[in-house]
Each structure stands twice: as structure tokens, then as C-alpha cells.
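Each remark here refers to the structure printed beneath this line.
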Amino acid sequence: MNIQQWCTPYLKQANEEREYLHRFPELSYQEFETTNYIEQQLTQLGLVVERPLDTGCIAIIEGDIASDRVVALRADIDALPIQEEGEAKTDFFSTRPGIAHCCGHDAHTANLLGVARVLAKHTSHISGKVLLIFQPGEETLPGGGRLLCETGWLQKYPIQQIFGLHTSPSHKVGTITTRPGELMAAPDEFHVTIRGVGGHAACPHEAIDPVVIAAECISAFQTIVSRSVDPTESAVVTIGRIEGGTAHNIIPEKLQLWGTIRSFSSATVKRIEKRMHQICAGIAQAYDAEISLTINKGYPAVINDERAAKQVLNHAKNLFTSDKVVEMERPIMAGEDFSFYQQFFPGAFFFVGSGAQKSDSKYVWHHPKYNVDPGFFETAMPLMVSLAIGGSGETGKE
Ligand SMILES: [Zn+2]
Ligand SMILES: [Zn+2]
156 MNIQQWCTPY LKQANEEREY LHRFPELSYQ EFETTNYIEQ QLTQLGLVVE
206 RPLDTGCIAI IEGDIASDRV VALRADIDAL PIQEEGEAKT DFFSTRPGIA
256 HCCGHDAHTA NLLGVARVLA KHTSHISGKV LLIFQPGEET LPGGGRLLCE
306 TGWLQKYPIQ QIFGLHTSPS HKVGTITTRP GELMAAPDEF HVTIRGVGGH
356 AACPHEAIDP VVIAAECISA FQTIVSRSVD PTESAVVTIG RIEGGTAHNI
406 IPEKLQLWGT IRSFSSATVK RIEKRMHQIC AGIAQAYDAE ISLTINKGYP
456 AVINDERAAK QVLNHAKNLF TSDKVVEMER PIMAGEDFSF YQQFFPGAFF
506 FVGSGAQKSD SKYVWHHPKY NVDPGFFETA MPLMVSLAIG GSGETGKE
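Numbers in our numbering are just positions in the sequence shown, counted from 1, shifted up by 155.
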């Protein structure tokens, strides 16, 4: 029997479980019901389950082959503050207004539960221990990964490798992709408050209009990457939210901007931060306004361990046809708090195709219509099981 055959009996259940979790999404650090559900499923398998944080949990699978080897597999479990949309999901639409699993963490959780079932049945093939980490709060700072690492719980184990995955709507089902080294950027958050003087829209000369000042800031920020960052470095400055004003005929007193900075090197981040502070100070002086800028440090960049990333690609090639396994040419600018684990243990993060041409699974992460094709599990589950078992990825006969 091979690993795919081990997984086949659990694929349908994983998809049903994903749909169940999808109906009851919970925001970062509030995943109490989700955690209880996961814990219940894991204890039913006879596994030891620990809760180092208020939400999220870790299951320990003891292999029958005595060894010091410890491998960790991680899934994130939180949902997003998004009002869900989309016709394809009507059977399992979010029951909670304004909260939805639009990043696929429901699928990550269901997949790791499936992996737990497969591994619990095949402990005779496992040497040492496998830790299954169901992590809270990936979407919101400070990051569940950071909080978990700060408890020191994982560091009690000599974890030799840690693996994590993410659905990828831009790749068709069946595709696996990752790369050694730089994989995902460090995302920092910023917040700008512009204070002017409010007044009547008909009398702009008696006011200091923060709307016009915000427009200046937004345009000037766009010159940072194009004019101040080394062209051979990757960086992004994006404003994702603007808030200000109440009516068409009122000049507001205050306006706020929220955005994100993405890059790989700390020198580039410093350069961007310095330019943002200079731009805010300069525009404030020019327009006689007050501008405050705060920057919150996000997650470190995801830098894959060379050996672990190669292992993911090799295991995938052993399990599936090699045309489905793609080594990424360049990193992406999205962020992931998987990077916290990589500060302590060699690890690799990878993407598993969840897109299909004729469904709404083509929508990108964080889109209200985001969906995961059920075929995702056919790739994700065997690959995680294979990495847990170790070796070449082929188990031979049972
Ligand atoms: Zn996300
Ligand atoms: Zn995500």
C-alpha cells in the first residue's frame, strides 16, 4: 500500500470537515469552538493533545520505531473579518456575519486532521515523534506562531524539521510549489493620522483639508519603491484602507490611512520607513497640518531551509508526477507567521494548488468569494503524511 492509498479513505471526510469549519469561522485568538472541535477529533484518535495557548492545540504522535527524530507539521486555524460572498459555497456558507474562512485555513485544519488520522493508523512506519500544530491567529499581529514559540513549549522537543503549507488559488489542483531560501516577504503595518482643520466645503480657505493632504501622502508613498529602493531589491508599499469625512459638503478635521510594507531585507525596510517619516514630516509642514505615522513590525520573512525545501519537492515528485512539482523562480510578497518557527527550527513552507478553472476557486486569498477546490486534499494530505514519515517519500508495501 502506498501513501496515497493510505489517505484515500480520509479525503471525503476532510472535505466535509472543511465545509463544517467553514460554516463556523472564528477570528484570530478567538478560535475556541474550532479548537474544541479539533481537540475532540484528536483525542478520539487516542492522541495526547496539549494547549500551550488559550486557543489552538498540539497533538503528539508517537511512532513505533524508537528514535530521537521529531518532525512538526503546522496548520493555521483562524478566519478573517470578511463578509462572505459566492454562489459555489451556498451549501456551507459562513453562518457568522462579517467573518469567513477566505484564506483557506479551514482547509489547512481539515487536512491536518486527516493527516492525524492517517498517521495514527500507521505508527509502525513512524520513527520518533510527529507534532501536529494547530496554530491560532495567523492573520493578526503578533501572530499565533510567535506566541507559541514564546511559550517555549516547542523548544522542549528537538524538532529537526517543521513543515507548513498554504492553499494556492493561482495554481491548479495537483500542483505543488516552493523554493529554497526566500519564499515570502516580511509584512509590516503602518497607520497614518492626518489632522487638519475642518470646515464648510464651500470655504476651503478657512480650513486645512486632510483629504487633499492624504492624496499627497498616497502619491508620495508610491515614489518610495520606484525612487528610493534599490531596483534589484523587492519591496511594496500599499495603502489598504482610508477613513475620513462624513458628508459631501464637510471638510473633515481628520483622516486616517492604513497600509503595509513588504520586503525581504532589513536594510530595505529601514530605508522605506525613513522615507515615509520624511514624507509625512515634509507634507505636514507644507500644508500646515499634523501628520503622525506609526509602523508596527510584522512577521519576519519566510526563508526556507535549503534541505527541507528540497525534501518537499522530492517527496512531491515521488508521490505525484514530476510535471506537477514546480520550483518557484522568485519569492512572493505575501507574509506568513510560519517564519517564527523558522527562527528556531529548520523548516519549509510550500503551496498546494487549490484552484480549478470552472469554479470560484480562482479568486485570490482574502477575496470574499475565495474558495478551495476539494481536490486540494488529494495532494496536500499525502504530501504532509510523506514528510512526517520521512525517507524518500515511498513507503513500499505495508
Ligand atoms: Zn490570509
Ligand atoms: Zn493564510
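No residue lacks a Cβ here, since even glycine has one placed at the ideal position from N, Cα and C.
- Taking the Cα positions, Asp528 is about 16 Å away from Pro537.
- With fewer than 16 other Cβ atoms inside 10 Å of its own Cβ, Ala357 counts as exposed.
- When distances are taken from the beta-carbon of Glu293 to the heavy atoms of ligand 2, the shortest one is below 7 Å.
- With a beta-carbon spacing of about 5 Å, Asp219 and Ser279 fall inside the 8 Å limit used to define contacts.
- The Cβ atoms of Phe419 and Gly329 do not sit closer than 8 Å to each other.
- Excluding the 5 residues flanking it on each side, Glu194 has same chain C-beta neighbours closer than 7 Å at Val204 and Cys212, in chain order.
- Secondary structure at Gly437: helix, using DSSP grouped into helix, strand and coil.
- Distances from the CA of Leu197 to each of Thr210, Ala214, Thr189 and Phe187 were compared; the closest alpha carbon is that of Ala214.
- Taking a cut-off of 8 Å for Cβ pairs, the segment 438-449 and the segment 487-495 do not touch, as fewer than three such pairs fall below it.
- If you look at Val352, you'll find it isn't in any alpha helix (DSSP H); DSSP assigns it neither H nor E.
- Here the distance from the Cβ of Cys372 to the nearest heavy atom of ligand 1 is not below 7 Å.
- Taking 3 residues as the shortest admissible run, the segment 188-246 contains the following complete beta strand (DSSP E) segments, listed from N- to C-terminal end: 203-205, 212-217 and 220-231.
- In this structure, Phe504 sits near Glu491, with a CB-CB distance shorter than 8 Å.
- In terms of side-chain proximity, the C-beta atom of His277 is found no nearer than 7 Å to any non-hydrogen atom of ligand 2.
- Collapsing the DSSP output to three states places Gln411 in a strand.
- For Trp413, the shortest separation between its Cβ and any heavy atom of ligand 2 does not lie below 7 Å.
- Measuring C-alpha to C-alpha distances from Glu171 to each of Gln160, Glu240, Gly269 and Pro236 identifies Gly269 as the nearest.
- The Cβ neighbour count for Asn459, taken over all protein chains shown within 10 Å, is at least 16; the residue is labelled buried.
- With respect to the C-alpha of Tyr165, the residue from Val226, Ala271, Gly399 and Cys257 having the closest C-alpha is Ala271.
- Annotation: Gly300 is outside any beta strand (DSSP E); the continuous alpha helix (DSSP H) that includes it extends over Gly299 to Thr306.
- Pairwise C-beta distances place the segment 312-325 out of contact with the segment 345-364, as fewer than three of them are shorter than 8 Å.
- Collapsing the DSSP output to three states places Arg334 in coil.
- Assignment of beta-bridge partners to Ala255 by DSSP yields Leu235.
- Pairing Glu482 with Ala362, the inter-Cα distance amounts to about 56 Å.
- Relative to ligand 1, the beta carbon of His521 is positioned inside 7 Å of a heavy atom.
- Residue environment analysis places Ser389 among the buried positions, since at least 16 neighbouring C-beta atoms fall within 10 angstroms of its C-beta.
- Cβ neighbours of Ala234 within its own chain (closer than 7 Å, five residues either side excluded): Pro180, Glu181, Leu182, Ile254, Ala255, His256 and His260.
- Residue pairing by DSSP puts His346 in a beta bridge opposite Trp413 and Thr449.
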